[in-house]
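Numbering (the working numbering), first residue to last: 111 to 286.
Before any comments, here is the structure.
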């Protein structure tokens with residue numbers, strides 16, 4: 111009996127945090143699927159799909175993770191994951207796109223609207239405010255699946271949208 115769990119942890123960022131979590135999951139027999147980690151301000155967020163081929167009680171998994179010293183003051187949530195643990199072919203990343211420059215209100219929403227307009231699926235999305243000369247800088251990195259018939263117009267529109275906001279845009283075709 112296989113148990114598939116979604117593990118979500120948010121708490122203070124610490125050196126060794128990811129090592130402690132993934133090491134404990136390995137010790138418990140987890141096969142990690144999609145996993146993400148990000149520092150969010152002074153905190154950190156870890157999320158993973160974990161498959162246990164021999165089964166696993168979710169309450170036991172949560173207690174084991176909560177017992178880690180690196181997770182003191184962290185919120186640990188473990189829940190059954192009922193969706194597919196594998197990406198469909200339509201979510202295969204075709205491009206990575208980075209938009210950066212001065213912080214511009216509404217930037218994230220405008221970029222996401224462009225992706226939707228061209229049926230591009232956002233597979234991963236990260237944004238970060240970083241110190242800059244005179245003003246904060248903003249960096250958005252997106253890994254997207256753009257349908258081949260929409261590739262050129264989608265990329266041109268993303269580039270033009272960034273340019274209208276005084277931002278730079280770089281993209282890489284990762285499916286070629």
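From the three backbone atoms N, C-alpha and C, an ideal C-beta is built for every residue, glycine too.
Since we're looking at a predicted model, the values are computed, not measured.
Contact between the stretch 216–230 and the stretch 181–194 (3+ Cβ pairs under 8 Å) = Judged by Cβ distances under 8 Å, the stretch 216–230 makes no contact with the stretch 181–194, as fewer than three pairs qualify.
key: residue 233, DSSP secondary structure in three states   = Along the chain shown, read from residue 1 onward, the residue named residue 233 stands at position 123. Note: residue 233 maps to strand in three-state DSSP.
task = For residue 122, name the three-state secondary structure that DSSP assigns.
result = In the chain shown, counting from the first residue as 1, residue 122 sits at position 12. It is a strand residue.
ask   = At which residues does the beta strand (DSSP E) containing residue 131 begin and terminate?
value = Working through the chain shown from its first residue, we reach residue 131 at position 21. Residue 131 -> not in any beta strand (DSSP E); alpha helix (DSSP H) instead, spanning 127–137.
inquiry  = Let's see if you can read the secondary structure: which residues bound the alpha helix (DSSP H) around residue 225?
reply    = In the chain shown, counting from the first residue as 1, residue 225 sits at position 115. Where residue 225 is concerned, the enclosing alpha helix (DSSP H) stretches over 217–227.
request  = For residue 247, name the three-state secondary structure that DSSP assigns.
outcome  = Translated into the one-based positions of the chain shown, residue 247 becomes position 137. Residue 247 falls in the strand class under three-state DSSP.
request  = Rounded to whole angstroms, what's the CA-CA distance from residue 177 to residue 226? Just pull it up for me.
outcome  = To locate residue 177, count along the chain shown from 1; it is residue 67. To locate residue 226, count along the chain shown from 1; it is residue 116. Their backbone Cα atoms lie some 42 Å apart in a straight line.
inquiry  = In this structure, how does DSSP classify residue 148 when only helix, strand and coil are distinguished?
reply    = The residue you call residue 148 lines up with position 38 of the chain shown. DSSP places residue 148 in strand when its eight states are reduced to three.
key: Inter-residue CB distance, residue 180 and residue 127 (contact presumed, cutoff 8 Å)   = In the chain shown, counting from the first residue as 1, residue 180 sits at position 70. In the chain shown, counting from the first residue as 1, residue 127 sits at position 17. Rounded, the Cβ-Cβ distance is 5 Å, consistent with contact.
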